[in-house]
Amino acid sequence: MKIAILSGDGIGPEITGQAVKVLNALGESFEMETADVGGAGYAAHGHPLPPATLALAKAADAVLFGAVGDFKYDNLERALRPEQAILGLRRELGLFANLRPAILYPELAGASTLKPEVVAGLDILIIRELTGDIYFGKPRGVRECPDGPFKGQREGFDTMRYAEGEIRRIAHVAFQTARKRGKRVTSVDKANVLETFQFWRDIVTSVHQEYQDVELEHMYVDNAAMQLVRAPKKFDVIVTGNMFGDILSDAAAMLTGSIGMLPSASLDANNKGLYEPSHGSAPDIAGKGVANPLATILSAAMMLRYSLDRAEQADRIENAVKAVLAQGLRTPDIFEEGMTRVGTEQMGDAVVRALA
Ligand code: IPM
Ligand code: MN
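All residue numbers for the sequence shown refer to the numbering used here, where the first residue is 393 and numbers rise by one.
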């Protein structure tokens, strides 16, 4: 089994370092190979997704990804910005299904900004379509405004689009995943305004015919945002498009008190996947040894479960993470009075010890 390790920028190298340490402690012989990506790819090879990095990601059975982005690169032209690396990997590897769990660990109930009774026991899964929508739709750009009161001025424009097959395949992922959990799917759209999302609603409804044991509900995205903070436990699986999923998954992540705890998986049609923490590169705390490595360690667990067919090893890691939380160890992002404050390395070491 070959794993590509793409650490990237900011806290990326620190947190993936801890996940690699945990993987190495499992007693399996994984082949791991690293490559530069994001700002680090640009700095070393002049491109955020250097050809050798893409080739490694394609050749590997799974990719463990840290994070990309740094203020340093904010003034580069769009095609060279670090974010293009993750967008390029998603597109080139066909990673259309993004699974973003939002789970509240009982030990961290106090870390949420919502009342404990609103979030206690929260366990929802956002399934975000990841290779379509306005993120990738063409045409896009800046042009001369063709009509209306601003005719003749410059205008920026993007294209929102979804092909039927694109909607069908993500709907199948949602219904099949829901079958293994709470058997409820909420499809989030904006069918009241957007043609693309009326079409989305119609296709999801038709795919649902094959899954009559799963309950399907449709919800407008603005209402979904409200329900997420009002009564998030009403949700089981949420399936939505690329842009709505980007926004709702950040909101859902924060319900749990720390985005530093949440892993994610981005899968292709054959369960090959890229695994990354739901948080970003946090350049403000990079190199200080304080970043929370648990989201990346839990991403490695998802990798074992979905791409490497080692569910037992995934369970071991997830249980070890629960154990270190129960021991009261906390990185600064989840620190509360009375707990033991630890850094990135110490947290990784504690997970390794808890594996045994
Ligand atoms: C995410 C990020 C990315 C996205 C950026 C970095 C391109 O916000 O993974 O959610 O918008 O998809
Ligand atoms: Mn995002």
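Here a beta-carbon is modelled for each residue, glycine too, at the ideal position from N, C-alpha and C.
Computed from a prediction, not measured in an experiment: that's the story for all the values here.
Buried or exposed: where does G720 fall if 16 or more other Cβ atoms within 10 Å of its Cβ makes it buried?
Residue mapping note: residue 720 aligns to position 328 of the sequence shown, counting from 1. Classification of G720: exposed, given that the 10 Å Cβ count is below 16.
Starting from the N-terminal end, write out each residue whose C-beta falls within a distance shorter than 6 angstroms of any non-hydrogen atom of the ligand IPM.
Counting every residue whose Cβ lies closer than 6 angstroms to a heavy atom of the ligand IPM, we get E475, I478, L479 and D638.
Taking the continuous alpha helix (DSSP H) assigned at L690, which residues delimit it?
Reading the sequence shown from its first residue, position 298 is the one you call residue 690. L690 -> alpha helix (DSSP H) spans L686 to Y698.
Relative to the C-alpha of V596, which candidate in D605, N584, V577 and V585 has its C-alpha closest?
Position 204 of the sequence shown, counting from 1, holds the residue named residue 596. It is V577.
Rounded C-beta distance between V613 and A566? I'm assuming under 8 angstroms.
Residue mapping note: residue 613 aligns to position 221 of the sequence shown, counting from 1. Residue mapping note: residue 566 aligns to position 174 of the sequence shown, counting from 1. That pair is no contact at about 16 angstroms.
Tell me the DSSP secondary structure of K413 in three-state form.
Looking up residue 413 in the sequence shown gives position 21. Looking at K413 - three-state DSSP - the assignment turns out to be helix.
Can you give, in chain order, each stretch of the alpha helix (DSSP H) that sits fully within the segment 548 to 627 and has at least 4 residues?
If we require 4 residues or more, the alpha helix (DSSP H) runs fully inside the segment 548 to 627 come out as 556 to 571, 587 to 600 and 613 to 622.
I want to know whether the segment 643 to 653 touches the segment 686 to 694 - three or more CB-CB distances under 8 angstroms.
Because the criterion of three Cβ pairs below 8 angstroms is met, the segment 643 to 653 and the segment 686 to 694 touch.
Count the CB pairs spanning the segment 461 to 481 and the segment 405 to 425 that are closer than 8 angstroms, and state whether there are at least three.
Too few Cβ pairs lie closer than 8 angstroms, so no.
Return the bridge partner residues of T732 from the DSSP annotation.
Your numbering for residue 732 matches position 340 in the sequence shown. The partner list for T732 (beta bridge, DSSP) reads L721.
Taking only three categories from DSSP, how would you classify D453?
By 1-based counting over the sequence shown, the position of residue 453 is 61. Correct three-state label for D453: coil.
Nearest CA to the CA of A435: which residue from K625, V460 and A454?
Here the question's residue 435 lines up with position 43 in the sequence shown. If we check each option's Cα against that of A435, V460 comes out closest.
L415 to A692, Cα distance in whole Å?
In the sequence shown, the residue the question calls residue 415 occupies position 23. In the sequence shown, the residue the question calls residue 692 occupies position 300. Looking at the two C-alpha atoms, the distance is approximately 7 angstroms.
Spatial neighbours of D539 within its chain, please: C-beta separation below 8 angstroms, excluding the five flanking residues on both sides.
Here residue 539 corresponds to residue number 147 of the sequence shown, with the count starting at 1. Excluding sequence neighbours, D539 sits near nothing in its chain.
Thinking T632 and V682 are a contact (beta carbons under 8 angstroms), I'd like their distance in whole angstroms, please.
Within the sequence shown, residue 632 is the residue found at index 240, counting from 1. Within the sequence shown, residue 682 is the residue found at index 290, counting from 1. Contact flag wrong, Cβ pair sits at about 33 angstroms.
Leaving aside the five residues before and after H600 along the sequence, list all residues of the same chain whose C-beta is less than 6 angstroms from its C-beta, in chain order.
Position 208 of the sequence shown holds residue 600. L608.
Please report the Cβ distance between G431 and P474, rounded to the nearest whole angstrom; I am assuming they are in contact, meaning their Cβ atoms lie under 8 angstroms.
Here residue 431 refers to the residue found at position 39 of the sequence shown. Here residue 474 refers to the residue found at position 82 of the sequence shown. Confirmed, about 4 angstroms.
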